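Listed in order, the protein sequences are those of chains A and B.
Position 80 of the first sequence, counting from 1, maps to 80 under our numbering, and the rest follow consecutively.
Position 29 of the second sequence, counting from 1, maps to 29 under our numbering, and the rest follow consecutively.
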Amino acid sequence: MARIEQDHNRFKQIVRGRIKSNLRKYITRGELIGRKGRDLISIPLPQIDLPRFVFDPRQTGGVGQGEGDVGTVIGMGEAEGNGQAGDAPGQHVMEVDVSLEELAAILGEELQLPAIQNKGKKNIVTEKDRYTGIAMAGPESLRHFKRTYKEALKRQIASGTYSPMNPTVVPIRKDKRYRSWRVSRQPECNAAIIYMMDVSGSMGEEQKEIVRIESFWIDTWLRSQYQGIEVRYIVHDAEAREVDQETFYHTRESGGTVISSAYKLCDRMIAKYFPPDDWNIYLFHFSDGDNWSQGDTEECFTIMKERLVPRSNLFCYGQVESPYGTGQFLSDVKEAFPESEKVVVSQIESKEAIYGSIKEFLGKGR
Amino acid sequence: MTLPPALETLRKEIRGYAREYGLDFFEVFFEVLTHDQMNEVAAYGGFPTRYPHWRFGMEYEHLKKSYSYGLHKIYEMVINNDPCTAYLLESNSLVDQKIVMAHVYGHSDFFKNNVWFGKTNRKMLDEMANHATRIRRYMEKHGVEAVEDFVDVCLSIESLIDPHSQFITRDKTPDGTEKGDEEKQIVHRLRSKDYMMNFINPPDFLESQRQKLEGERAKARRVPEEPVRDVMKFLIDYAPLDAWQREVLSIIREEAYYFAPQGQTKIMNEGWASYWHSKIMTERALTDAEVIDYADHHSGTVASHPGRLNPYKLGLELFKDIEDRWNKGKFGKEYDECDDIREKRDWDLHLGLGRQKVFEVRKFHNDITFIDTFLTPEFCQDHKLFTFGYSKKTATWQITAREFRKIKNQLLFGLTNHGQPFIFVHDANYANRGELFLSHRHEGMDLKQDWARETLRNIQRIWSRPVHIRTVVEEKPKLLSFDGSEYTEKEAGEDLQVA
Chain A
1 MARIEQDHNR FKQIVRGRIK SNLRKYITRG ELIGRKGRDL ISIPLPQIDL PRFVFDPRQT
61 GGVGQGEGDV GTVIGMGEAE GNGQAGDAPG QHVMEVDVSL EELAAILGEE LQLPAIQNKG
121 KKNIVTEKDR YTGIAMAGPE SLRHFKRTYK EALKRQIASG TYSPMNPTVV PIRKDKRYRS
181 WRVSRQPECN AAIIYMMDVS GSMGEEQKEI VRIESFWIDT WLRSQYQGIE VRYIVHDAEA
241 REVDQETFYH TRESGGTVIS SAYKLCDRMI AKYFPPDDWN IYLFHFSDGD NWSQGDTEEC
301 FTIMKERLVP RSNLFCYGQV ESPYGTGQFL SDVKEAFPES EKVVVSQIES KEAIYGSIKE
361 FLGKGR
Chain B
1 MTLPPALETL RKEIRGYARE YGLDFFEVFF EVLTHDQMNE VAAYGGFPTR YPHWRFGMEY
61 EHLKKSYSYG LHKIYEMVIN NDPCTAYLLE SNSLVDQKIV MAHVYGHSDF FKNNVWFGKT
121 NRKMLDEMAN HATRIRRYME KHGVEAVEDF VDVCLSIESL IDPHSQFITR DKTPDGTEKG
181 DEEKQIVHRL RSKDYMMNFI NPPDFLESQR QKLEGERAKA RRVPEEPVRD VMKFLIDYAP
241 LDAWQREVLS IIREEAYYFA PQGQTKIMNE GWASYWHSKI MTERALTDAE VIDYADHHSG
301 TVASHPGRLN PYKLGLELFK DIEDRWNKGK FGKEYDECDD IREKRDWDLH LGLGRQKVFE
361 VRKFHNDITF IDTFLTPEFC QDHKLFTFGY SKKTATWQIT AREFRKIKNQ LLFGLTNHGQ
421 PFIFVHDANY ANRGELFLSH RHEGMDLKQD WARETLRNIQ RIWSRPVHIR TVVEEKPKLL
481 SFDGSEYTEK EAGEDLQVA
């Protein structure tokens, strides 16, 4: 058994390498998002094959068996009709299942993301009991029925007192087996991500797509770093409200942009659900940076300085480029928090820039 | 490992029937495997021990997945070895096990008696294990990556062998030509008086003789003298490799030669085994209660999908056809020349030579000669065979013909050289710069371009000097080259015309 496992692992390593070298493509195209299952994600890869001298398959033809006149279609051509499947015609695509954890690890390696340092809650430890073993002694309530009778049967057969004609098995004290448990200690660290998105009139489909792809990868990475993770979504134009994931990505509102509304809601949310002492909090805000007024921007900074930044691990602001040009907010943030470790800004002009932006956001290991 | 008693009884029974019918097989050791073990063994091509390589892992992944989706199930596997090793799937019903055993005895008989297997190593189980040990050792010494990389390179040219070379000697033995060479160096003139010189020894003739000699000398200087088909052997002999690399290349080549006859006789081998399982089961081993299960399983094995040709089916039907024809005397001059269809259909001379004939066929033929000799127009018609091809216009595969000639040609073409292109080493000192010149004998079909380039790159890694291959792309002669860093492609001129 060990042999095939070796070769199997080797194969998986190769697959991993392929994913890694294609990661930029996957990130910019966002094609993986629709392929996500519960724990696994299915990634299309060009089939890994050893090249040989072979005939062009489309010139060979063959012999078949069955009904049909000359000219009857017996199969559809591959690839050529839909050029996007592979770069070269006739290239087969295989689907590889990769766990999200694995994908996050690949992302981490490729972008050289540092592991996240929890913000000092190592003293909170939870104990968990897991029934993993079998013991010779224990309380009757934990008696393992099947094991006990197996032992009894073994003993009776060995001693010759078992008769198939009268298959009565009576366990004695020595036969009894009990479930036993092990206590595992786990440092408790919860994390919450709050995504905020500007859905004002200037944010088009393209911009939302960028936000969507970027948050997918951020999610994937953070989930690999924490056990349980809570994700909340806020959309705002002139007002802010909390929405579910579906709405977050798909609503299109219109109207002006008052960023402080989102920050206020966010602050209330933290206060209510995520006491900063127990939670690692990540805040991401995406906007085109066209805030309503300079006055509101000032208000935003006050909330950030006093409330949001001190309470969170990381505050990320990503500015996407809208058809109406890029806004002022980004440079304002830069000015207001020139030295802060916790505040990260990134300009995302296009899908190609997502790759770099993820690195900027998560590259600090906070 | 011993079989469970129930299976052991069956084995003895089936083996008895097989002997009774005159099958002459290597002894068969059966092993019972769970489906997971079966997938594992299948990934290794039937061998329990192979050298470590990721492609076995890929195959395993593939088998495991398609098994869990219920797309396939491997009923049996058998290894050409003396004794034969065969695997039974644990979860099979007893009827299935019976069929598989009968089938396996058919294979074993074929391995032992078919002449194309005459030169295969019958201790291949051990040999493969030795290969595994050696490659593992190289990995320890030179690093897994390096060795695995090189194995990839070797596998890429695995098909460039000459399966017939095992039966004939291609190298011409030099028979003291040393002296002859010296003599041939110059063109002799006949003695004559001066004024007759131009008539006795015409200058044109002398010139042409001189050129001929020149040509021969040039050829003698060339390596190889004649184009070589066993590219692997040529590289082992002449490429600048480290000792371990040479060994790895030899190992891959040896395994390629071992598997070659199985590729050459796929249709026959499966046909023969199916012929015997159906014979043994229907005439001897089946109990009344098992008939339905048997019929179900058997029809599954020989089922044909439109557009695909099932080798089990084709082989089985051809063997049955041969038996029938030789029983009834449907062969020879008189039968061939008869042009009354009804008379031909009802032809029966009561010769009863069928059984004898099929045994003879299984001994001397391979798939190519089998199809060439025994495929008849009647057979093609009865079994609704057709040829198909790719239509660029509609991007679909279509039926192209139902004529006997075309079907036969297509079948034979697909079987010739395993349906792979003929590649020769033509010159190892191309352009007098130690570059390797290969040629593809173009027979109407182009090479798959992207793969050809990749393969060229791999050969270049072995040869280390630039490598070229002359081929034809869309009806124009082309020379593809790889010099270690980039590919070039140019029109091949007349000077590159090769055999």
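All residues carry an ideal CB built from backbone N, CA and C; glycine is no exception.
Values in this document were obtained by computation on a predicted structure and should not be read as measured data.
query, result
"Identified DSSP bridge partners for residue 397/B", "75/A and 390/B"
"DSSP bridge partner residues for residue 285/A (one or two, in chain order)", "196/A and 317/A"
"Test: residue 5/B CB closer than 8 Å to a CB of chain A", "no"
"Partners in chain B for residue 67/A, counting only beta-carbon separations shorter than 7 Å", "384"
"Pick from 320/A, 332/A, 348/A and 313/A that is closest to residue 364/A, judged by C-alpha positions", "313/A"
"Straight-line Cα distance separating residue 465/B from residue 82/B", "43 Å"
"Contact with chain A by residue 79/B, beta-carbon distance below 8 Å", "no"
"Those runs of the alpha helix (DSSP H) which lie wholly inside the segment 198 to 242 of chain B and span at least 4 residues", "203 to 221 and 231 to 238"
"Euclidean distance between Cα positions of residue 186/B and residue 158/B", "44 Å"
"Endpoints, alpha helix (DSSP H) assigned at residue 132/B", "124 to 142"
"The segment 307 to 314 of chain B touching the segment 339 to 355 of chain B, judged by at least three CB pairs closer than 8 Å", "no"
"Contact with chain A by residue 414/B, beta-carbon distance below 8 Å", "yes"
"CB contact flag (residue 200/A, residue 289/A, <8 Å)", "no"
"CB contact check: residue 267/B to chain A, cutoff 8 Å", "no"
"Start-to-end residues for the beta strand (DSSP E) that takes in residue 96/B", "It is not in any beta strand (DSSP E) - residue 96/B instead sits in the alpha helix (DSSP H) that spans 94 to 113."
"Close beta carbons around residue 175/A, own chain, < 7 Å, minus the five adjacent residues each side", "148, 151, 152 and 155"
"Secondary structure of residue 239/A, DSSP reduced to three states", "coil"
"Short Cβ contact (8 Å threshold) for residue 116/B with residue 264/B", "yes"
"Span of the alpha helix (DSSP H), counted from its first residue to its last, around residue 364/B", "354 to 364"
"With 16 other Cβ atoms within 10 Å as the buried cut-off, status of residue 291/A", "buried"
"7 Å CB neighbourhood of residue 15/A in its chain, flanking five on each side removed", "45 and 96"
"DSSP beta-bridge partners of residue 477/B", "472/B"
"Burial state of residue 130/A (16 or more Cβ within 10 Å)", "exposed"
"Same chain only: Cβ atoms within 7 Å of residue 90/B, ignoring 5 sequence neighbours per side", "32, 33 and 34"
"For residue 280/B and residue 86/B, believed in contact at Cβ under 8 Å, the rounded distance", "That belief does not hold up - the Cβ atoms of residue 86/B and residue 280/B are roughly 15 Å apart, past 8 Å."
"CA-to-CA distance, residue 129/B to residue 236/B, given in whole angstroms", "22 Å"
"Chain A contacts made by the segment 459 to 470 of chain B, where a contact means CB separation under 7 Å", "none"
"Members of the segment 52 to 64 of chain A near chain B, C-beta cut-off 8 Å", "52, 53, 54, 55, 56, 57, 58, 59, 60, 61, 62, 63 and 64"
"Extent of the continuous beta strand (DSSP E) run through residue 436/B", "435 to 441"
"Closest residue to residue 386/B among 60/A, 40/A and 68/A (Cα-Cα distance)", "68/A"
"Neighbour list for residue 11/A in chain B, Cβ cutoff strictly below 7 Å", "54, 57, 58 and 61"
"Within-8 Å CB hit, residue 129/A to chain B", "no"
"Residue-chain proximity (residue 389/B, chain A), Cβ-Cβ < 8 Å", "yes"
"Under 7 Å by beta carbon: chain A residues contacting residue 156/B", "50, 51 and 52"
"Contact check, residue 161/B vs residue 232/B, beta carbons under 8 Å", "yes"
"Boundaries (first-last residue) of the beta strand (DSSP E) holding residue 39/A", "Segment: none, residue 39/A is in no beta strand (DSSP E) and carries neither H nor E."
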